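Novice: Residue 383 in the numbering used here sits at position 390 of the sequence shown; the count goes up by one each step and never skips. Take this structure first; my questions come after.
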Amino acid sequence: MRIFVLNCGSSSVKYQLIDAETEEALAKGAVERIGMSGASLKQTRHDGDKLHYVGEMLDHTMAIGNVLSVLMSRNHGVISSLDEIDAVGHRVVHGGEQFSQSILLTKEVMDALKDCIDLAPLHNPHNIKGIQAAQRSLPDVPQVCVFDTAFHHKIPRHAFMYAIPYSLYRRYRIRRYGFHGTSHRYVSNMAAELFGKPLKEMRIITIHLGNGSSIAAIKDGHSVDTSMGFTPVEGLVMGTRTGDLDPAIILHVMGQEELTLAQANTLLNKHSGLTGLSGISSDVREIIEEAESGNDRAKMALEVMTYRIKKYIGAYTAAMHGLDCIVFTAGIGENAPLVRKMALDGLAYMSVELDEEKNRIAVGKQMEIQTAGSKVKIYTIPTNEELVIARDTKKIVMEMSAKK
Ligand code: ADP
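Spelled out as structure tokens, the structure:
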């Protein structure tokens, strides 16, 4: 079975064509600058063949059409006809309170997705555009939605409610939803396997540090708390997002600077986090380089970011009444030993002890990086959200065929 995995953003489409039996990505790529001048499509095939095409791609339908043509092309392709695609798996950011797991796309599901647009106006409309574009190009192929929020569906009420008037929860569904669920689910399952104990019996903290970052407390097989909340702005310090913030700050700044809602939104999402603190970049590589050459604001940005991670580790250990292991994943979590070291520094009293040498060499690979005496295990595990989407899609499509 071949599964076309799609992750559609406002002006981008990331994709993989995955052989669901071998779990190999036959091809992976991305279209960027959809609807802008100089839209580009880059693809890497499983054998290393690379393609870079620049051309006009006015919307998601054109972009996905181009991707499918490349996947079928004589020189860069991996299939000879669209019939070789058995299913499409979509990453959908927000599933609201309704979706606790991945689901086959039907008209009712599409209506429910549209109903979630007000919860994730920056993401869900683009996910829907991608679904509609895939339906146009592959009308007879089953489509499955895999939600970023689903893994956090069982977070208990005391962790998902905000202390605002209850009527706002009822009226606008304002509560913690959490995101990156597919990644937290994948790495926690891997961690349980490495640890050699059923996931259902473990207490795990998973730390996803990418352009967006979140941390999750996983107990008895599901997420019981996570740092992103009603939106992906809450929690850890990210590339350009604030993370946790006294909410009155934004009211104060809006008043002082006479900001509109849109400007305030941009301030929180695009100009804050590491970018805002350091004045350099959202990229941790550049910040580490600057910090190492003596830039004090870069050093401060790293300190603020890693202190926040440490606070959450303490909080989630308390929330779970203990801790078996910690997992670092995503761009920063997998590749930045300094960030891991700073975040875990001083946690020996909780029996969290990093082995400095193992930590130093754990770059982009799966490793166990605690000392021999550390009771809590510490892992680096490369995440693979596309594989989870392909696995869920395969399972749902096979169940559907079995019912027929
Ligand atoms: P996304 O959230 O877009 O999926 P990634 O998980 O790919 O992002 O993470 C991207 C971030 O990872 C970059 O912005 C950069 O800060 C960080 N990163 C990537 N490689 C390294 C590295 N070798 N050292 C430190 N940070 C890195």
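Ideal placement from N, C-alpha and C gives every residue a C-beta, glycine not left out. If you're wondering where the values come from, they're calculated on a predicted model, not measured in any experiment.
What do you get for residue 84, buried or exposed, if any count of 16 or more other CB atoms within 10 angstroms of its CB means buried?
Specialist: buried
Novice: Could you give the first and the last residue of the continuous alpha helix (DSSP H) run that contains residue 387?
Specialist: 378 to 396 is the extent of the alpha helix (DSSP H) around residue 387.
Novice: How far does the alpha helix (DSSP H) with residue 308 in it extend, from its first residue to its last?
Specialist: 289 to 313
Novice: Touch check for the segment 139 to 148 and the segment 89 to 96: three-plus C-beta pairs under 8 Å?
Specialist: yes
Novice: Comparing C-alpha positions only, which one of 375, 165, 261 sits nearest to residue 242?
Specialist: 261
Novice: Apart from the five residues on each side of it in sequence, which residues of its chain come closer than 7 Å, Cβ to Cβ, to residue 190?
Specialist: none
Novice: For residue 255, is the classification buried or exposed, using 16 other Cβ atoms within 10 angstroms of its Cβ as the cut-off for buried?
Specialist: exposed
Novice: For residue 12, which beta-bridge partners are listed by DSSP?
Specialist: Looking at the DSSP assignment, residue 12 forms a beta bridge with -5, 17.
Novice: With a Cβ-Cβ cutoff of 9 Å, do residue 384 and residue 49 count as a contact?
Specialist: no
Novice: With DSSP as the reference, label residue 248 as helix, strand or coil.
Specialist: helix
Novice: Who are the Cβ neighbours of residue 312 in its own chain at under 6 Å, not counting the five residues just before and after it?
Specialist: 210, 218
Novice: Is residue 3 near the ligand ADP, going by C-beta to nearest heavy atom under 8 Å?
Specialist: no
Novice: Hey, residue 78 and residue 137: beta-carbon distance below 9 Å or not?
Specialist: Residue 78 places its beta carbon 9 Å or farther from that of residue 137.
Novice: Of all the options 11, 348, 357, which has the alpha carbon lying nearest to the alpha carbon of residue 369?
Specialist: 348
Novice: Does the beta carbon of residue -2 fall short of 8 Å from some heavy atom of the ligand ADP?
Specialist: no
Novice: With C-beta atoms as the reference, is residue 227 less than 9 Å away from residue 168?
Specialist: no
Novice: Would you kindly work out how many angstroms separate the C-alpha atoms of residue 304 and residue 128, rounded to a whole number?
Specialist: Between residue 304 and residue 128, the C-alpha separation is close to 45 Å.
Novice: Rounded to the nearest angstrom, what separates residue 19 and residue 287 at their Cα positions?
Specialist: 44 Å
Novice: Can you look up residue 140 in the DSSP assignment and give me helix, strand or coil?
Specialist: strand
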